[in-house]
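Engineer: Numbering of the sequence shown is given in full-length UniProt numbering, commencing with residue 1 and proceeding in unit increments. Glycine included, each C-beta is placed from N, C-alpha and C at the ideal position. Just passing along the structure, written as structure tokens.
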Amino acid sequence: MLENQSLRDKGGVAQAQAQEDTSKSLTQIKTMLYGTTDSEPQDIVLAQLAHEFYNTNMLLLLIHNLHRIDFEVSEIIILDI
1 MLENQSLRDK GGVAQAQAQE DTSKSLTQIK TMLYGTTDSE PQDIVLAQLA HEFYNTNMLL
61 LLIHNLHRID FEVSEIIILD I
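So this is what it looks like as structure tokens:
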């Protein structure tokens with residue numbers, strides 16, 4: 001019984017880490033798409049990003065797994081991408 005609880009706790013930690021990693025990655029993608037207050041987005045970076053999204057079916061994966069992503073991170077996907 002304690003072993004099952006320990007596995008659930010570890011799963012929760014792993015899920016929290018995955019949420020954090022996803023949030024960081026999507027924030028970086030947003031920066032690539034829109035640039036920052038100091039710099040405009042670079043065409044070559046946008047082309048590489050589009051190429052990777054296409055090759056990995058990333059947009060489809062994001063849509064299918066939107067329910068698994070934190071609300072704040074989901075807003076990044078829905079509103080910005």
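1) In chain order, which alpha helix (DSSP H) runs of at least 4 residues are fully inside the stretch 23–62?
2) Quick check: the stretch 16–33 against the stretch 57–72, are at least 3 beta-carbon pairs closer than 8 Å?
3) Below 8 Å CB to CB, which residues in the same chain sit around Leu-7 once its five sequence neighbours on both sides are set aside?
4) Let me know the secondary structure DSSP gives Asp-70 once reduced to three states.
Structural biologist: According to the data block:
1) 43–56
2) yes
3) Numbered from its first residue, the sequence shown carries residue 7 at position 7. Unreliable placement is indicated for Leu-7, whose pLDDT of 42 sits below 50; the coordinate value is still reported in the next sentence. Counting only Cβ-Cβ distances below 8 Å, and skipping sequence neighbours, we find nothing.
4) Here residue 70 corresponds to residue number 70 of the sequence shown, with the count starting at 1. Coil.
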